[in-house]
Amino acid sequence: MNPLKSYIRDVPNFPKEGIQFKDITSLLESPEGVALCLEVLLSQLKTTKVDKVVAIEARGFFFGILLAHALKVPFVPVRKPGKLPRKVVAQSYDLEYGSDVLEIHEHAIQEGDRVLIHDDVLATGGTSQAVCKMVESAGGQIVQCNFIMKINFLEGAKKIDSYPVFAAVSY
5 MNPLKSYIRD VPNFPKEGIQ FKDITSLLES PEGVALCLEV LLSQLKTTKV
55 DKVVAIEARG FFFGILLAHA LKVPFVPVRK PGKLPRKVVA QSYDLEYGSD
105 VLEIHEHAIQ EGDRVLIHDD VLATGGTSQA VCKMVESAGG QIVQCNFIMK
155 INFLEGAKKI DSYPVFAAVS Y
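All letters in the sequence shown, in the order written, are residues 5 to 175 by this note's numbering.
Take a look at the structure:
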C-alpha cells in the first residue's frame with residue numbers, strides 16, 4: 005500500500021450523498037505526511053527543468069508553494085474570478101451542470117516558460133484542462149501536471165493526456 009494513503013481520510017457522503025470524499029486535511033496536519041508527499045511529488049521532477057509552478061485554488065496552493073520553494077522558481081496562483089488584483093487572462097471550463105471560470109495574471113507566464121501545473125486532486129479533469137489552455141495560450145510549455153491524488157474512475161487524465169501526468173496516490 006502507498007504510505008501516503010494512510011494520511012488521507014475518507015469522508016462518506018460529503019459534500020453530498022453517495023460521494024466518498026478524500027480529505028487531505030489529515031495529511032496537512034502531519035509534518036511527516038507533508039514531508040513524504042512533497043518528497044514523492046518532487047521525485048518525479050529530478051531531471052525536469054521547471055521555470056514556474058502554477059497551482060490551482062485553493063487546495064493546490066498548499067503543495068504548489070512548497071514545490072515552487074523547493075524548486076527555487078516562482079509560484080503562480082490560478083484563482084476564481086475577481087480574486088487577483090492585476091489584469092488577468094480568463095478561461096472558462098465545463099462542469100457537470102454548467103460552467104465556471106479561472107483566472108491567472110496576465111504576463112505571469114512568458115513565452116517558453118517550462119511550467120509545472122499542480123492541484124490537490126485530478127477528478128474529472130476540467131479544471132486542469134482549463135489551466136493547461138491558459139498556460140499554453142501564454143506561450144508556456146507544460147512539463148507535468150502534478151497531483152496529490154488521482155481518482156481513476158472519473159477518467160480526468162483523459163482530458164490532459166497530451167501532457168505528462170503524475171499523482172502521488174491513485175484511487
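Glycine residues also receive a C-beta, built at the ideal position from the N, C-alpha and C atoms.
Check: Report yes if the CB atom of residue 147 is closer than 8 Å to the CB atom of residue 51, and no otherwise.; Outcome: no
Check: Using a Cβ-Cβ cut-off of 6 Å (strictly less than) and excluding sequence neighbours within five positions of residue 145, which residues of its own chain qualify?; Outcome: 118
Check: For residue 24, which beta-bridge partners are listed by DSSP?; Outcome: 16
Check: For the alpha helix (DSSP H) containing residue 135, list its first residue and its last residue.; Outcome: 130 to 141
Check: With three or more beta-carbon pairs closer than 8 Å as the criterion, would you say the stretch 26 to 34 touches the stretch 101 to 108?; Outcome: no
Check: Measuring straight from C-alpha to C-alpha, what distance separates residue 129 and residue 136?; Outcome: 10 Å
Check: Which residues share a DSSP beta bridge with residue 79?; Outcome: 57
Check: Which same chain residues, not among the five before or five after residue 75, have their C-beta less than 8 Å away from its C-beta?; Outcome: 46, 49, 54, 57 and 120
Check: Along the chain, where does the beta strand (DSSP E) containing residue 120 start, and where does it finish?; Outcome: 118 to 126
Check: Given a cut-off of 8 Å on the beta-carbon distance, is the pair residue 12 and residue 31 in contact?; Outcome: yes
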